[in-house]
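Numbering (my numbering), first residue to last: 719 to 1011.
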Amino acid sequence: MADRDQQQEVIPLFPLGSPLFPGVVLPLEVFEPRYRTLVAELTALPEGAERRFGVVAIRQGWEVERIAPAAALYDVGCTAVLRVVAPRADGGYRVVTVGGERFRLLDVLVPEGDDDPPYLRARVEWLGDEEAAEEAAGDAEGLVPSGDPAGVVPEEVVTEVARGSLEVLTANVRDLFARYVATVAARQAGGDPGALPEEVLEALEPDSAADDAETETADLLREVSDDARGLSYLVASAALLTTEDRQALLAESATRRRLALESRLLRRELTLLETVGAVPVPLAQLGVGMTPN
């Protein structure tokens, strides 16, 4: 196993149908014997050890067990950190995890003998350094004239302009997502999407006592209202997007570009909702738990 300081490590893998995002709560029912083994091994680790595994999304229409796992899985995933483990009478577990760090798959390790763990593992590289570099590049992107020689525009000016434009982008995505939640609620209530959003949006106000999916999502929006990165991951995980769209958002290392993509996706989804009027899944799926960590 590579040294963590070298940004590579071997971690257990848990393939799922959709990606996990940093800060998002993921409850799981663990019933397969190999993943029971994984949970048992993680809970047996000494106090202070990292109890986590990698969640990677499965490409649509691909079966991990029937083809090479590396081809069936997307190459960017997110760790799931164990927070709660509740054994079940049948030998399985109910667990609650929280999305941690993003990583890129370098190699998928398939069990080959009795000495290997029964579950998939992967050699991964952590994307923290890439995130920092991409954030910096994304902040400066388009803010300095292309013909401007390096150093002519003071760095503090670029930083200030970047901060302001990111705030505008964040507010835009937050407003689009609130409108999106309201429109989905209107469609599922069977009402006129032109008439109901005002009533639904009232449930998005901080003083609302309504206990429903819209209010839960509104609470999460308020939690991350000043956190562009947190908002971007909330929208990515809660909006009713395809696995491909969600994976593209997870793979994007720069918050600014992730929010810009979400703005386009939300506008697309709103157009479809308002013209076609179909909502594919229950609104309750919009209520995705999130933590500030």
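Even for Gly, the Cβ is constructed at its ideal location relative to N, Cα and C.
Keep in mind it's a predicted model, so treat the numbers as computed, not measured.
Under DSSP, Gln726 forms a beta bridge with Glu843.
If you look at Pro787, you'll find it in the alpha helix (DSSP H) that goes Pro787 to Ala790.
Scanning Thr797, Leu756 and Ser971 for the CA closest to the CA of Tyr811 turns up Leu756. Burial is judged here by how many other beta carbons sit within 10 angstroms of a residue's own beta carbon; Gln778 has fewer than 16 and is exposed.
Arg897 carries a helical assignment under DSSP once its states are collapsed to helix, strand and coil. With a cutoff of 8 Å on beta-carbon distance, Glu970 and Arg976 are scored as near each other. Restricted to the region 791-854, the beta strand (DSSP E) segments that are unbroken, complete and at least 3 residues in length are 794-805, 811-827 and 839-844, listed in chain order. One alpha carbon belongs to Phe732, the other to Ala855, and they sit about 32 Å apart. Following the DSSP letters along the chain, one finds Gly741 in no alpha helix (DSSP H), marked with neither H nor E.
For Val773, the enclosing beta strand (DSSP E) stretches over residues Arg770 to Ala775. Taking 8 Å as the cut-off, the beta carbon of Thr901 is found no closer than this to the beta carbon of Leu959. Leu734 is bridged by DSSP to Ala775. Look at the beta carbons and you see the region 794-806 touching the region 817-824: at least three pairs across the two are nearer than 8 Å. Its chain contains Leu884, Thr888 and Thr973 as the residues whose beta carbon lies nearer than 6 Å to that of Ala946, once the 5 sequence neighbours on both sides are disregarded; these appear in chain order. Residue nearest to Asp944 within the set Ala966, Arg892 and Ala954 is Arg892 (criterion: CA-CA distance).
Of the residues Leu968, Pro730, Thr961 and Glu980, the one whose Cα lies closest to the Cα of Val828 is Pro730.
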